[in-house]
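Protein chains in written order, with the numbering used here: chain U, 1 to 101; chain R, 1 to 330.
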């Protein structure tokens with residue numbers, strides 16, 4: 001499957017950018033950019049996505065290296081949790097009013 | 001709506017499963033993402049709008065970079081550089097969003113420098129005085145914010161997300177512009193005149209940024225049905241003027257519209273007639289600075305050719321270089 005934004009007509013490969021805003025937090029996807037190699041991708045990501053101290057760490061990942069679930073099968077693919085509300089704490093209502101539960 | 005394909009085509013149109021899914025997502029006010037099926041018109045319309053928007057950010061660097069070397073203080077110079085750098089960043093966020101739709105960066109750039117793509121007419125006006133840095137921030141970025149805040153909820157995910165980032169940064173732009181005018185208005189008579197003269201020149205073109213009046217805006221209806229656009233041009237223009245009037249009072253500047261008056265009935269500010277001939281002239285390439293702006297963009301692109309080539313050559317050499325380093329280390 002082709003990656004959006006990545007095509008033979010683009011001279012530079014597409015990179016997905018992830019920024020960790022603070023120690024203790026996950027890297028979060030912030031956007032993408034095109035760059036010739038990983039070194040320039042990291043530098044460009046810094047200039048493009050962290051001009052206001054948005055991050056303490058940046059990851060760049062070649063977009064082609066990401067495998068995604070099939071968008072056309074999203075209903076079926078994520079069907080398993082449906083009807084399994086016993087997986088949520090809110091399903092267990094008999095303990096209501098009991099403290100520290 | 002649950003029906004997907006109607007066997008009887010005499011009265012109803014056949015809608016594919018994908019199209020139905022698309023319609024349902026739009027209906028539910030959800031978002032369309034790059035890998036989703038979308039109507040060709042939706043894709044085209046977005047590429048047009050997003051790339052025009054990106055071009056506007058990139059061309060928009062020029063009227064302001066004009067003043068970087070002549071900013072009145074080091075502080076103002078640093079601010080202006082940060083702002084122009086932001087505009088470049090905004091252009092890149094938007095080009096990236098358009099690229100998720102299959103548009104290529106080269107095609108978009110080529111269309112711009114060949115004069116085939118449009119960008120906001122506002123950037124074809126000159127910036128002869130320092131006060132114009134104030135007016136651009138207050139009026140031009142102010143109008144842009146008014147336009148862009150609703151775009152954060154645009155139905156196309158990557159566009160909306162780009163707009164969220166842009167809007168956060170635009171508010172600094174607007175405030176620094178307002179502050180420039182405020183300081184000039186607290187200055188000498190000459191400085192006050194410079195500020196007023198600048199507001200006089202930018203006011204009407206800023207109102208034109210919202211686009212033609214609703215009854216003359218061919219793409220609006222479809223764009224609103226697709227929830228790319230959330231409010232009509234006239235609605236946003238009215239909202240902007242309502243905000244400007246009290247701000248102008250704080251600055252102590254007048255707005256150059258003798259017909260501007262408060263309408264007790266609608267509780268809004270009624271404005272005078274906009275000169276749409278000027279708007280169409282500038283859009284058609286006959287504005288004061290169209291040729292200069294495009295020429296400069298073209299030159300920058302051509303002069304940057306060797307940088308792009310060097311970066312690509314370096315990237316090609318990377319695997320070999322890494323091998324050499326590893327060999328040397330072992």
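All residues carry an ideal CB built from backbone N, CA and C; glycine is no exception.
Nearest-angstrom Cα separation, counted from residue j out to residue i
i                     : j                     : result
residue 62 (chain R)  : residue 123 (chain R) : 8 Å
residue 315 (chain R) : residue 39 (chain U)  : 9 Å
residue 47 (chain R)  : residue 169 (chain R) : 23 Å
residue 153 (chain R) : residue 327 (chain R) : 53 Å
residue 66 (chain R)  : residue 317 (chain R) : 38 Å
residue 39 (chain R)  : residue 144 (chain R) : 28 Å
residue 241 (chain R) : residue 139 (chain R) : 10 Å
residue 64 (chain U)  : residue 14 (chain U)  : 8 Å
residue 269 (chain R) : residue 279 (chain R) : 22 Å
residue 87 (chain R)  : residue 54 (chain R)  : 9 Å
residue 31 (chain U)  : residue 99 (chain U)  : 43 Å
residue 50 (chain U)  : residue 221 (chain R) : 37 Å
residue 102 (chain R) : residue 244 (chain R) : 39 Å
residue 310 (chain R) : residue 35 (chain U)  : 12 Å
residue 35 (chain R)  : residue 69 (chain U)  : 11 Å
residue 330 (chain R) : residue 321 (chain R) : 14 Å
residue 55 (chain U)  : residue 89 (chain R)  : 16 Å
residue 111 (chain R) : residue 204 (chain R) : 28 Å
residue 18 (chain U)  : residue 257 (chain R) : 48 Å
residue 77 (chain R)  : residue 20 (chain R)  : 53 Å
residue 23 (chain R)  : residue 226 (chain R) : 9 Å
residue 44 (chain U)  : residue 33 (chain U)  : 8 Å
residue 86 (chain U)  : residue 94 (chain U)  : 13 Å
residue 308 (chain R) : residue 60 (chain U)  : 20 Å
residue 42 (chain U)  : residue 16 (chain U)  : 10 Å
residue 97 (chain R)  : residue 238 (chain R) : 29 Å
residue 11 (chain U)  : residue 299 (chain R) : 20 Å
residue 41 (chain R)  : residue 167 (chain R) : 27 Å
residue 62 (chain U)  : residue 193 (chain R) : 54 Å
residue 27 (chain R)  : residue 155 (chain R) : 10 Å
Where residue i meets chain U, residues with beta-carbon distance less than 8 Å
i                    : result
residue 92 (chain R) : 33, 48
residue 20 (chain R) : Correct list: empty, because the minimum Cβ distance to chain U is about 13 Å.
Cβ-heavy atom distance, residue i to the ligand NAP, below 7 Å
i                     : result
residue 275 (chain R) : Although the ligand NAP was asked about, the structure shown includes no ligands whatsoever.
Buried versus exposed, by CB contacts within 10 Å (16 or more), residue i
i                     : result
residue 224 (chain R) : exposed
residue 158 (chain R) : buried
residue 80 (chain U)  : exposed
residue 323 (chain R) : exposed
residue 58 (chain R)  : buried
residue 276 (chain R) : exposed
residue 50 (chain R)  : buried
residue 291 (chain R) : exposed
residue 127 (chain R) : buried
residue 201 (chain R) : buried
residue 66 (chain U)  : exposed
residue 148 (chain R) : buried
residue 75 (chain R)  : exposed
Proximity test, Cβ basis, 8 Å: residue i and chain R
i                    : result
residue 36 (chain U) : yes
residue 25 (chain U) : no
Amino acids of chain U, ordered along the chain, whose beta-carbon sits closer than 9 Å to that of residue i
i                     : result
residue 85 (chain R)  : 47, 51
residue 311 (chain R) : 12, 35, 36, 37, 40
residue 89 (chain R)  : 47, 48, 49, 51
Partners in chain R for residue i, counting only beta-carbon separations shorter than 8 Å
i                   : result
residue 9 (chain U) : 104, 106, 107
Chain U within 8 Å of residue i, Cβ atoms only
i                     : result
residue 314 (chain R) : yes
residue 96 (chain R)  : yes
residue 2 (chain R)   : The predicted position of residue 2 (chain R) is uncertain, since its pLDDT is 46 and thus under 50; no value can be drawn from it.
residue 5 (chain R)   : Note that residue 5 (chain R) scores a pLDDT of 49, beneath 50, so its modelled location is shaky and nothing firm can be said.
residue 10 (chain R)  : In this prediction, residue 10 (chain R) has a pLDDT of 49, which is less than 50 and means its spatial position is unreliable; what the coordinates show is noted afterwards. It does not: the Cβ of residue 10 (chain R) has no partner Cβ on chain U nearer than 8 Å.
Supposed close pair residue i, residue j - CB separation, criterion 8 Å
i                     : j                     : result
residue 228 (chain R) : residue 45 (chain R)  : 7 Å
residue 272 (chain R) : residue 125 (chain R) : Not a contact, Cβ separation roughly 19 Å.
residue 173 (chain R) : residue 134 (chain R) : Between residue 134 (chain R) and residue 173 (chain R) the Cβ distance is about 11 Å, and since that is not below 8 Å, they are no contact.
residue 119 (chain R) : residue 56 (chain R)  : 4 Å
residue 253 (chain R) : residue 196 (chain R) : 5 Å
residue 162 (chain R) : residue 94 (chain R)  : 6 Å
residue 184 (chain R) : residue 131 (chain R) : 6 Å
residue 129 (chain R) : residue 282 (chain R) : That belief does not hold up - the Cβ atoms of residue 129 (chain R) and residue 282 (chain R) are roughly 20 Å apart, past 8 Å.
Chain U contact residues for residue i, given Cβ-Cβ distances below 7 Å
i                     : result
residue 318 (chain R) : 37
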